[in-house]
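What follows is one structure encoded as structure tokens, with my remarks underneath.
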Amino acid sequence: MRRNRTRSLVLRLVGALLMAAATFALLLPVIIIVLTAFKPTAEVNAFPPTLAPGTWTLDNFTRIFTELPFARLIGNSFVFAGGVTLCALVFDSLVAYALARIDFAGKRLLLIAIIGTLMIPFQATLIPVYQLVADLGWVNTFAGLIAPRAADAFGIFFLRQFFVSLPQDLDSAARIDGASEWRVFRSIVLPNAVPALLTLGIFTFVNNWNDLLWPLIFTTDAEMGTITSGLTLLTGPGGIIPYGVMMAGSLIAVLPLAILFLLVQRRFIESVATTGLK
Amino acid sequence: MKKSWMSAVALGVVAGVSLAGCSGQGGSGEGSSGGPATLTFWHGYTEADGDVLQSIIDDFNASQEDVKIETEVKTWAVIDDTLLTSLSGGNGPDIVAMPAERLPVYAAKDALKSLDGFYADGENADAINDAAAEMEEVEGSKYGVPTGFVPLSVFYNKALFAEAGVTEFPTTWDEWVATAEKLTIDEDGDGTPEQYGLALADHETVANGVWPSLFYGNGGAIVDGGEAAIDSPENVEALTYWADAVNTGKISPTGLSGIDTDELYSSGKAAMTIGGPWMSFVSADAGIDYGIAAIPAGPVDQASSAIGVSMAVTAQADDAAQAGAEAFFSYFFSPEVAAEWSLGSGWPPLTDDVDPAAVAENPTVAALTEIAPTSRALLPGVVNSSDVLAAMDEATQKALAGGDPAELLAAAQEKIEASLAD
Amino acid sequence: MTATQQRSRPYRPPAPLGGRRRPPGGTRRRTTAALFLGPGLLILALFTGWPMVSALRLSFTDASGFGQEEFVGLDNYSRVFTDPQIVQALGNTALYAVLFTPAAVALALALALLLNRTDLLGRGFFRTALFLPFIVSLAVAAFAWQYLLDPQIGLVNYWLRGAGIRLGNVLQDPVLAMPTVALVAVWKSFGFYMVIFLAGLQDIPGSLYEAAKMDGAGAWRRFASITLPQLANTTTFVVIVALIAALQAFDQIYVLTGGGPYRSTQTVVMEIYESGFKDLDLGFASALSYVLLVITLVLSLLQFLVAGRRAERD
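Chains W, F and D are the protein sequences, given in the same order.
Per this note's numbering: the first sequence = residues 1 to 278.
Per this note's numbering: the second sequence = residues 1001 to 1422.
Per this note's numbering: the third sequence = residues 2001 to 2314.
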């Protein structure tokens, strides 16, 4: 038994080392981004190339803070990405619940129709959506930014798959006790789907936070832009973006996401602990 | 604004469902009715040139009371990506600036208003440089006015020239290639130089102009009088000449795009690059002591494809807006403003009546003004310019990778004929 | 003032099921279902369904987004199948999907299984670190990759040259460009699929594994007989979503190669973008979009059928 334990410790160490090597290789581009953000312009294209800056500089960051209404853009990003995420989680989980746990005629067809909407590239519907939002007078408003994404087929499909795989006996007891669908949904299915909801939440948030074309097209007013669309305003001579500045900007833009994920991924582990699985 | 019944349903339902709370107050104050006509102007001048343009517009706004121009600065790529959508919803700009080769597409699809009236009797319109005005013509009508027209030129690294003992900048192709060979250094002799004489892009070249310039130099063209002309013997000769210089002389790496050439030059790994006026800033940023020279003369001609930018009035503008825009154009091309813009943008003057002495204080402008007469508009009036340029890029990139120039240009000819016929 | 409104026959959003009628059986269920479905479906119908109908109508016209548009029948559709460039783009898209989909799904599943082991040291760190590529915006990631892979001044080439290896210009090589683009896309998206698998793994009751261990099942057997079947719904989802992402490949190609060299990485959605937004040929772009939709639908239904049959067997 004891020898087994030592052996397993060695195995664990080797495993962790291998993972670390793989992680480094996978993260090399990210490391480049971080380090380039601190490089002076002259060093970025210098040859021979280097990983770390020779001189560390904050110039790239200063430029972003002076050229962009920074707080405003980050705030807009939170309202936009957060608003879409909240709305989508509510509407998607309702629809997904009905598709997964309530019997009604035409359910399968409805599911296929919903998934079908995922299959048209958004470039094809962009102009009709824009015209609709423009008719509503919602260009340059948060409503116009958020409403078209307040429910989405991806989220419905995603949650439906999870709701379907939750064991049926979880809620049959409650149903026998006469609980309404709403009760079952709220107090049985939702609490058990926390990992799925968190995953979808992160995905929706990240995607909208990083989305470029949508906020660019829907907000002609620079004050209404998001941090991601705002970064496109940074350009250099001849439209060539100084890479250091671009990296610094994206580093700042990605920081809230990284923190968010850090917080949420702890919840993943907790949700495992509390449900007592494994 | 018309509201379709769908919109009414959407408004009622979506607001009712939940979004009332989500919607915020967006948009800055709109110009109130009764005041001056307010025009929106999108452009992509984001550097010092943008500041100068803004102050010109401010002065224009202050100079009269009928028109007020509000600018929205975006990048050129963003303008191209969002213009169609915003016009389709009636929220686009009234005036828009764009790379000149994009203008014919929008004009042909009725997105822009004809400016023939302005060219016929607008104040200062007759001062506009003819070669620059040629960019604006589509199917016999003019749809824009130039805001930029500048020849591509060669930027070179003076330190590397001095190291190689080169004192004179070459003036003919043969001298140019010889100089480039001198500046190409392969220290370890492995066949891959550590330093290249020239960074020659073979696709997506700066303003798509590198190969047109070289073809003009040998008396060729891409499209001539509305007909595809890329497979001419002159072009085959020119492409063979350069493919040979790159492949046997190793003067440049292959597979470079315009952006790659800028990078290679800024990293000090290439002694010369073909670029636009902004390369002076790029050089300075990279700590390179640079010189500017005209693209050396080819066997037949000295010519250079121009980087062009145009501004146009969109279909969204009503008659009053168009009149306001034309008033602004007249102001923009008045001699003092034209000189101010030239100095501020770092590009040569766009009108013939600017005194060269007025722009002599900026050495880049002075150098470019000197070579300006060699500049030619890129594919004026060609609606499918992006397809034509893609066909050209494929031929040049494949030729530098070792393909047969005659065959490649013949294939490009076929594709260009097809896209011109569309 | 406004561009021509695009209007067609009135479109009815899929009616929320049920209603006021009171047929005998299951009325309450249907009313309940309608209440759950109503809000979400309404938003979808308005902002996705309706624009899709608009696009379908446009696909039979020569619309440019403004100005006049004329009905052109099936012209746009026949162009899709006769234009050699489009046919090439369809082939490129298929190649991309074949390169991307299995690699992304397999890498995500493998890493999820590793990260799900409670005995992995530094599990929390790896979870976060491996998710990073997903949250970095693509434009920036593309720069980092270009910078690493640059044949002249790139770090990877510089390091490899030290080891005597010459990689060359992979993004400008007509054979290697597509695999490279697919590799970057796998790198960008595996983190997300990995998290989905992780969430799915947590819904598998631990008791199943305990029981299998008691029966003396080995690790591989436990994976094949518990993990995979229990993950079936998740896997179906990931495969379909990855497939749709592959068939709609655009962003990574737009920023990395722009479709080149020689159109070797030109995909269908690149063509849709170029015809719609560069050539202002919205009618053709819409037709091409619908062709892509049909292809995707058929492939996804196949995947559903396979998954469904497997589920019935179990």
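Just so it is clear, CB atoms sit at the ideal spot from N, CA and C, and this is done for glycine as well.
ask   = When the cut-off is 8 Å and only beta carbons count, does N2169 (chain D) lie next to chain F?
value = With 8 Å as the cut-off, N2169 (chain D) counts as an interface residue toward chain F.
Closer than 8 Å to chain D by CB, E1417 (chain F) = Not one chain D Cβ lies under 8 Å of E1417 (chain F).
inquiry  = Can you confirm whether G2308 (chain D), when its beta carbon is compared against all beta carbons of chain F, has any partner nearer than 8 Å?
reply    = Not closer than 8 Å to any Cβ of chain F, the Cβ of G2308 (chain D) fails to qualify, so no.
query = Count the other CB atoms within 10 Å of the CB of K1113 (chain F); is the residue buried (16 or more) or exposed (fewer)?
reply = Burial call: buried.
ask   = Within the 8 Å Cβ cut-off, does F2237 (chain D) reach chain W?
value = Yes, its Cβ sits closer than 8 Å to a Cβ of chain W.
query = According to the neighbour-count rule (16 or more other Cβ atoms, all chains shown, within 10 Å of its Cβ), is F2223 (chain D) buried or exposed?
reply = Looking at its Cβ environment, which holds fewer than 16 other Cβ atoms inside 10 Å, F2223 (chain D) is exposed.
inquiry  = Against chain D, with Cβ distances strictly below 8 Å, would P1193 (chain F) count as a contact?
reply    = For P1193 (chain F), the answer is no, since every Cβ of chain D falls outside 8 Å of its Cβ.
query = Apart from the five residues just before and just after V1300 (chain F), which ones in its own chain have a Cβ nearer than 6 Å to its Cβ?
reply = Same-chain partners within the cutoff: N1218, G1219.
query = Quick one, which of D:A2185, D:V2195, D:Y2262, D:N2233 has its alpha-carbon nearest L1390 (chain F)'s?
reply = Residue identity check: residue 1390 (chain F) is Ala in the sequence provided, not Leu. The residue with the shortest Cα to Cα distance from A1390 (chain F) is D:Y2262.
ask   = If you scan the stretch 5–45 of chain W from start to end, which runs of the alpha helix (DSSP H) of 4 or more residues do you find wholly inside it?
value = Segments of the alpha helix (DSSP H) lying fully in the stretch 5–45 of chain W: 41–44.
ask   = Which first and last residues belong to the beta strand (DSSP E) in which Y1143 (chain F) is found?
value = Following the DSSP letters along the chain, one finds Y1143 (chain F) in no beta strand (DSSP E), marked with neither H nor E.
key: Secondary structure, beta strand (DSSP E): runs of 3+ residues fully inside the stretch 1092–1173 of chain F   = List check, beta strand (DSSP E) in window: 1095–1099, 1145–1151, 1153–1157.
request  = Please name the residue in D:G2124, D:G2067, D:L2042, D:F2131 whose C-alpha comes closest to that of L26 (chain W).
outcome  = The option with the nearest alpha carbon to L26 (chain W) is D:F2131.
request  = Out of W:A16, W:P40, W:T228, point me to the one whose CA is closest to T2118 (chain D)'s CA.
outcome  = Out of W:A16, W:P40, W:T228, W:A16 has the C-alpha closest to the C-alpha of T2118 (chain D).
task = Quick one: list the residues of chain D neighbouring P1299 (chain F), beta-carbon separation under 9 Å, in chain order.
result = In chain order: nothing, as chain D lies at least about 29 Å away.
message = Report the CB separation of S2059 (chain D) from A2287 (chain D) in whole angstroms; it is logged as a contact under 8 Å.
response = With a Cβ gap of about 4 Å, S2059 (chain D) and A2287 (chain D) count as contacting.
task = Identify the contact partners of N208 (chain W) in chain D, using a Cβ-Cβ distance below 9 Å as the criterion.
result = None at all; the shortest Cβ gap to chain D is about 12 Å.
ask   = List, in order along the chain, the chain D residues whose C-beta lies closer than 9 Å to that of Q1397 (chain F)?
value = Simply Q2172, G2260, P2261, Y2262.
request  = Using only alpha-carbon positions, find the residue among D:D2173, D:Q2248, D:A2033 that is nearest to G106 (chain W).
outcome  = Its Cα nearest to that of G106 (chain W), the residue D:A2033 stands out among D:D2173, D:Q2248, D:A2033.
request  = Name the two residues that bound the continuous alpha helix (DSSP H) containing V1973 (chain D).
outcome  = In the structure displayed, chain D extends from 2001 to 2314; residue 1973 (chain D) sits before or after that span and is not available.
key: Contacts of M2052 (chain D) in chain W (Cβ-Cβ under 7 Å)   = Scanning chain W for C-beta atoms nearer than 7 Å to the C-beta of M2052 (chain D) yields T117, I120, T125, reported in chain order.
Counterpart residues of E1070 (chain F) in DSSP-defined beta bridges = Beta-bridge analysis with DSSP links E1070 (chain F) to F:T1040.
key: Neighbourhood of L200 (chain W) by C-beta, 6 Å cutoff - its chain only, sequence neighbours within 5 removed   = Closer than 6 Å at Cβ, skipping near neighbours: G155, F158.
request  = Check the Cβ-Cβ distances between T6 (chain W) and every residue of chain D, and say whether any is below 8 Å.
outcome  = Closer than 8 Å: no.
ask   = Counting only beta-carbon atoms, is V289 (chain W) nearer than 8 Å to chain F?
value = The shown model of chain W, from 1 to 278, leaves out residue 289 (chain W), and the question about it has no answer.
message = Using a Cβ distance threshold of 8 Å, determine whether the stretch 1263–1280 of chain F contacts the stretch 1197–1211 of chain F, with at least three qualifying pairs required.
response = The stretch 1263–1280 of chain F vs the stretch 1197–1211 of chain F: in contact.
ask   = Does R2029 (chain D) have its Cβ less than 8 Å from a Cβ in chain W?
value = At least one chain W Cβ lies under 8 Å of R2029 (chain D).
query = Which residues of chain D have a Cβ atom closer than 9 Å to the Cβ of M246 (chain W), listed in chain order?
reply = A2139, V2140, F2143, listed in chain order.
key: Test item: CB-CB of A1294 (chain F) and I1371 (chain F) under 8 Å   = It is a contact, given that the beta carbons lie within the stated cut-off.
query = By the 10 Å Cβ neighbour count, where 16 or more other Cβ atoms means buried, how is S1033 (chain F) classified, buried or exposed?
reply = At S1033 (chain F) the pLDDT is 49, less than 50, meaning the model places this residue with poor confidence; the figure from the coordinates comes in the next sentence. Label assigned to S1033 (chain F): exposed.
request  = Can you tell me which of W:L118, W:A253, W:N208, W:Q168 puts its alpha carbon nearest to the alpha carbon of I102 (chain W)?
outcome  = Of the residues W:L118, W:A253, W:N208, W:Q168, the one whose Cα lies closest to the Cα of I102 (chain W) is W:Q168.
key: Any non-hydrogen atom of the ligand MN closer than 7 Å to G1298 (chain F) Cβ   = This structure lacks the ligand MN, and indeed carries no ligand of any kind.
Secondary structure, alpha helix (DSSP H): runs of 4+ residues fully inside the stretch 111–183 of chain W = Counting only runs of 4 or more, we get 122–135, 142–146, 153–165, 169–176.
ask   = Does T2267 (chain D) have its Cβ less than 8 Å from a Cβ in chain W?
value = No, T2267 (chain D) does not count as interfacial toward chain W.
query = Cβ atoms of V2184 (chain D) and L2243 (chain D): under 8 Å apart, would you say?
reply = Taking 8 Å as the Cβ cut-off, L2243 (chain D) and V2184 (chain D) do not qualify as a contacting pair.
request  = May I ask you to report which of helix, strand or coil DSSP gives E2070 (chain D)?
outcome  = Per DSSP, reduced to three states, the secondary structure at E2070 (chain D) is coil, with no helix or strand assignment.
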